[in-house]
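Notes follow the structure.
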């Protein structure tokens with residue numbers, strides 16, 4: 001199942017990258033980033049205690065690589081610091097967070113460092129806290 005999901009995401013991604021692709025307007029780039037984020041998430045899934053979890057730290061490393069690989073003119077002067085929790089997160093929540101992290105990192109990359117050549121970094125932090133009422137026997 002995992003490999004089939006990866007293959008499906010790769011097919012969708014390749015369709016968006018071709019000139020004859022499904023999406024031909026500005027939304028194509030957004031769709032490609034979302035698909036890439038979900039592909040990164042798929043590579044970061046864990047099955048524990050009969051539940052599917054996401055390792056968002058690992059996912060964020062993949063997203064970081066994708067964002068830097070987009071090759072904007074000043075990409076060599078930008079560092080992305082991964083301060084995302086190593087604690088597993090529910091996979092459904094992880095999917096939403098992966099897309100949000102990808103979009104935020106991309107927007108920072110495109111808009112935050114225009115004209116700056118030194119000392120540029122993005123620090124992505126995400127911590128998971130448990131609420132006491134979730135652990136109670138009620």
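In our numbering, the protein residues as written are 1 to 138.
Don't be surprised by glycine CBs; every beta carbon is placed ideally from N, CA and C.
- Here residue 47 is actually not in contact with residue 89; their C-beta atoms are around 14 Å apart, not less than 8 Å.
- If you ignore the 5 residues before and after residue 77, its C-beta comes within less than 7 Å of the C-beta of 117, 118 and 120, all in its own chain and listed in chain order.
- The segment 32-83 is shown to contain whole beta strand (DSSP E) runs of 3 or more residues at 45-48 and 51-54, in chain order.
- When the Cα atoms are used, residue 68 and residue 104 turn out to be separated by approximately 13 Å.
- Note on geometry: alpha-carbon atoms of residue 62 and residue 96 lie some 16 Å from one another.
- Residue 86 carries a coil assignment under DSSP once its states are collapsed to helix, strand and coil.
- The C-alpha of residue 109 is placed about 26 Å away from the C-alpha of residue 92.
- A distance below 6 Å between beta-carbons, with the five flanking residues on each side excluded, links residue 80 to the following residues of its chain, in chain order: 64 and 122.
- Residue 102 is classed as buried because its beta carbon has at least 16 other beta carbons within 10 Å across all chains shown.
- Going by DSSP, residue 97 is part of the alpha helix (DSSP H) stretching over 91-111.
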